[in-house]
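Asks: Below is a structure I'd like to ask you about.
2 protein chains.
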Amino acid sequence: MAESRKHELIQPRTLKGFRDFQPREAGAREELIDRARAVFHSYGFAPIDTPALEYLEILQGKGSEETDKQMYQFEDAGGRRVGMRFDLTVPLARFAAQHIGQLGTPLKRYHVATVWRGENTQRGRFREFMQCDFDTIGTDNLSSDIETALVIHDLFLALGFEDFRIHLNNRKVLTGLLETLGLAEHATAILRALDKLAKIGAEKVQAEIVAATGTEPQAAEQVLALCQLTGTNAEILDAVTELVADSETGRRGAEELRRLLAALDAVGVPEARVKLDVAIARGLDYYTGTIFETFLGALPDIGSVCSGGRYDNLAELYTKQQLPGIGASLGLDRLLAAMEELDMLTSTETPAVAFIPLFDEARLHDYLRLAAQLREAAICVEVYPLPKKLGQQLKYADRRGHRVALILGDNEFAASECQVKDLATGEATAVPLEENAASLIAAIRGLVE
Amino acid sequence: MAESRKHELIQPRTLKGFRDFQPREAGAREELIDRARAVFHSYGFAPIDTPALEYLEILQGKGSEETDKQMYQFEDAGGRRVGMRFDLTVPLARFAAQHIGQLGTPLKRYHVATVWRGENTQRGRFREFMQCDFDTIGTDNLSSDIETALVIHDLFLALGFEDFRIHLNNRKVLTGLLETLGLAEHATAILRALDKLAKIGAEKVQAEIVAATGTEPQAAEQVLALCQLTGTNAEILDAVTELVADSETGRRGAEELRRLLAALDAVGVPEARVKLDVAIARGLDYYTGTIFETFLGALPDIGSVCSGGRYDNLAELYTKQQLPGIGASLGLDRLLAAMEELDMLTSTETPAVAFIPLFDEARLHDYLRLAAQLREAAICVEVYPLPKKLGQQLKYADRRGHRVALILGDNEFAASECQVKDLATGEATAVPLEENAASLIAAIRGLVE
């Protein structure tokens, strides 16, 4: 009775703010992650993973109202209040509190995983996206700050960028100046005002600082002077050092910046890729020392594509053990979009460069044996599964993005040769087909490399 | 006033049935996935990804009551009924219905992703685990069945197994016999009885079939005879062919098995790794042709570690387009546990083979420059971030699993050499330190390869 079983079709669709990754996009993302992982590995960062679902009280921690509102949360079948992770920092803090005794410090970990936020999708944001974080936990030595900057530098080189710039700041510089000016207790209000600098201009920010803190205009002016310093890194550093000279905290911040810049220079990072930028106020509530942001030369408007900094106490909500550390987060989705826009993605719908049409079904075993030989030689190859007309099979190969087709019919087998067709140019060459396929392997490599 | 800010600590813990992956475990899983992906790529399978959350009606489809009960489901902030995916098959069906027009067939995709099931954890199962599926959609040609078996074979070789066996069956064989015996309408009841064969024995199964179908004991005996065939693959195949000779469906099933075995033999898959096993009844409700299960020689009791088969219509709930296909699923978690038990995992807590202690903090720039040179040569190296005593630093390196320590103090720099310490043996050798670090790179490679 199977034929009479009718049903209404369910409309196939994804939730608002969620998306499928088709082969080309998924392949590009995989490649990007592979390259990032290779850089992490090269510095000794190891992967970890944590659950997508956690106890709500753990995820909420000291979270803001906005985070709470955006978090996917529900009661599970066992009556527990649970949430889906909305970042990788809270899970890292929980993980570190739970396992650091066993793992020991310093702990260098990276974590590439999906997070969920029920954000307003009108701003073009997705509700499901991948984060890619790396951190060094349990050290307060500046050598970890230097290493973090070097990792960021290597990440962008590995992804194929040359024109990018890492912006550096140190939270202690502003703290020091505010201490000197007697404005330390107003830090949050001042940061909120400074955050609008690019948008509303110096005059209005100054007025806002005065209004919010009741300080002299002169003091507000000094704060603004710090954030508006321009010149070479050396010039800015000298000016910063002078501005914060009266505060021990400030002097320490300036000294850390000096050592960080000197180390990057010593290891050969071009100065054009490093910018001392006292205006970056990113997460100044959270970070306590070095701060990083990274901008692409070709697309500065998309904002920072790799940000992070140093913190004094990662896991204070979950453990009494003080865990200082430093880390950064690579903006995978933003980078993928940027690389697409800059035409830097080379991925196709197929990972196989070579294509063997099923030209003569009776020869299937021969095709399969040849394909196995090519795979032994690390050449990815697809054998078409249907005995369609050759033209149709080649059209499929073209569409999928295979680079070269290997055409073998009775004539070719009789002559012990293979027609090697470059799918980009349409040109075909006869290549001798030996027992070990050596000529064919060389011909394919010659065409695709 | 920061010091006086007191708070109750939140207990760091994971939900029941969920777990953290620490560096060693996460590294092992990453390596396993990398190897599987390389095999998928070598056959032209491309990655896709789908959302963790889907409309509940899509995930429920024609799902069983058990699936519904196990699914994590809730109402999102927009009032939609949503669920977390519990496998990768339903999302694939939805994905195919939605995108196949654009992507075209055959579509060869793999998908490695996390799924969630609120299972009873007492059976040692996790509520969050990773699946690794690959499928060829939109072809009904046996060459895809052959390729699927070859992929399974290559997967286990790539993971380092030699002693494994792919069990093959074809759903049409049993269907054919049941048709001949006039028992076609009782297929489900008979399959349910056959499923208990290993547990309760042939006699009781026969009795159950008779009771459930009202058929003659002789007919039930024939069904059991089919499922209990032993001998070489050729012997079993001959016996099967004879048993199903009166049914066209059955003859087609036997013929497909014959062609599949012949192709695997022709491509060089050792017969010891392939077993014709008419008893495997896996998912017989769902599969319509070839069926696969894979067992490890060293650990047969953990059950099949890679299973799959051919289906006639992947996405019938979501589209009128008929999409036949074939695929299989690699049991990642089970394999990881097996490889751990068989001592096949080589991953350590760090991906870096080399370790440079911060022996003399004043030499940090030199250490960083040397590390950069090694990374250029694809040697992963960690520079310790704290100027602790050398013994402490080496203890850390030993614990993390670094293989070789590169010790450089004033004496070494003065003599232009590096102490290369094999951390396994404790032996140290002085290696000349040239401008391009060539001798050092060669020495490290010699020790770790």
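Chains as they are written, first to last, in my numbering: chain A, 32 to 480; chain B, 32 to 480.
By construction, the Cβ of each residue, glycine as well, lies at the ideal position given by its N, Cα and C atoms.
Here the structure is a predicted model, which is why all the values come from computation and not from measurement.
(1) Please list the partners that residue 373 of chain A has in chain B, where partner means a Cβ-to-Cβ separation under 8 Å.
(2) Helix, strand or coil: which one does DSSP assign to residue 248 of chain A?
(3) What residues in the stretch 346 to 367 of chain B have a beta carbon less than 9 Å from any beta carbon of chain A?
(4) State the DSSP-derived secondary structure class of residue 472 of chain A, mapped to helix, strand or coil.
(5) Listing by chain order, which chain B residues have their CB less than 8 Å from the CB of residue 486 of chain A?
(6) Within 10 Å of its beta-carbon, does residue 227 of chain B have 16 or more other beta-carbons around it, so buried, or fewer, so exposed?
(7) Counting only the same chain and skipping the five closest in sequence on each side, list residues whose C-beta sits under 8 Å from that of residue 252 of chain A.
(8) Could you check whether the stretch 376 to 391 of chain B touches the stretch 70 to 85 of chain A, counting it as contact only if at least three pairs of C-beta atoms, one from each stretch, sit closer than 8 Å?
(9) Please compile the residues from chain A whose C-beta is within a distance smaller than 8 Å of the C-beta of residue 50 of chain B.
(10) Is residue 360 of chain A helix, strand or coil by DSSP?
(11) Please tell me whether residue 339 of chain B has its Cβ less than 8 Å away from any Cβ of chain A.
(12) Which residues does DSSP list as the beta-bridge partners of residue 327 of chain B?
(13) Within 10 angstroms of its Cβ, does residue 65 of chain A collect 16 or more other Cβ (buried), or is it exposed?
(14) Under 8 Å between the Cβ atoms of residue 291 of chain B and residue 208 of chain B?
(15) Could you tell me which chain A residues have their CB closer than 8 Å to the CB of residue 319 of chain B, listed as they occur along the chain?
(16) How many Å lie between residue 157 of chain A and residue 147 of chain A at the Cα?
(17) With a floor of 4 residues, list each alpha helix (DSSP H) that falls wholly inside the stretch 153 to 212 of chain B, ordered by position along the chain.
(18) Just to confirm before moving on: does the CB-CB distance between residue 354 of chain B and residue 168 of chain B stay below 8 Å?
(19) By the 10 Å Cβ neighbour count, where 16 or more other Cβ atoms means buried, how is residue 366 of chain B classified, buried or exposed?
(20) Would you say residue 211 of chain A lies against chain B (beta-carbon separation less than 8 Å)?
(21) For residue 180 of chain B, which residues in chain A fall below 7 Å Cβ to Cβ?
(22) Is the stretch 39 to 55 of chain B close to the stretch 124 to 131 of chain A, with three or more CB pairs under 8 Å?
(23) May I ask you to report which of helix, strand or coil DSSP gives residue 106 of chain A?
(24) Taking 8 Å as the CB-CB cut-off, is residue 61 of chain B touching chain A?
(25) Under 8 Å, Cβ to Cβ, is there at least one residue of chain B near residue 34 of chain A?
(26) Can you give me the Cβ contacts of residue 159 of chain A inside the same chain, cut-off strictly under 8 Å, excluding the 5 residues immediately before and after it?
(27) Does residue 404 of chain B have its Cβ less than 8 Å from a Cβ in chain A?
(28) Beta carbon of residue 333 of chain A, beta carbon of residue 410 of chain A: below 8 Å?
(29) Assuming residue 434 of chain A and residue 455 of chain A make a contact with CB atoms under 8 Å, what is their CB distance in whole Å?
(30) Excluding the 5 residues preceding and the 5 following residue 200 of chain B in the sequence, name in chain order all residues of the same chain whose CB lies nearer than 7 Å to its CB.
(31) Do residue 472 of chain A and residue 428 of chain A count as a contact pair if the criterion is CB distance below 8 Å?
(32) Under 8 Å, Cβ to Cβ, is there at least one residue of chain A near residue 54 of chain B?
(33) Are residue 233 of chain A and residue 249 of chain A touching if we call contact CB-CB under 8 Å?
(34) Specify the secondary structure class of residue 370 of chain A as computed by DSSP and reduced to three states.
(35) With 8 Å as the threshold, decide whether the Cβ of residue 417 of chain B is near any Cβ in chain A.
(36) In whole angstroms, what separates the C-alpha of residue 215 of chain B from that of residue 324 of chain B?
Replies: Quick answer:
(1) Those do not exist, as residue 373 of chain A stays about 22 Å from chain B at its closest Cβ, beyond 8 Å.
(2) helix
(3) 346, 347, 348, 349, 350 and 351
(4) helix
(5) Beyond the ends of chain A as shown, which are 32 and 480, falls residue 486 of chain A; an answer cannot be given.
(6) exposed
(7) 237
(8) yes
(9) 82
(10) strand
(11) no
(12) B/195
(13) exposed
(14) no
(15) Within 8 Å Cβ-Cβ: nothing; residue 319 of chain B doesn't reach chain A, min ~12 Å.
(16) 9 Å
(17) 173 to 189 and 202 to 211
(18) yes
(19) buried
(20) no
(21) Residues of chain A passing the Cβ test: none, with the nearest at roughly 11 Å.
(22) yes
(23) strand
(24) yes
(25) Model confidence at residue 34 of chain A stands at a pLDDT of 42, short of 50, so the residue's coordinates are unreliable; what they give is reported in the following sentence. With 8 Å as the cut-off, residue 34 of chain A does not count as an interface residue toward chain B.
(26) 48, 49, 50, 145, 146 and 147
(27) no
(28) no
(29) 7 Å
(30) 308, 309, 311 and 322
(31) no
(32) yes
(33) no
(34) helix
(35) yes
(36) 24 Å
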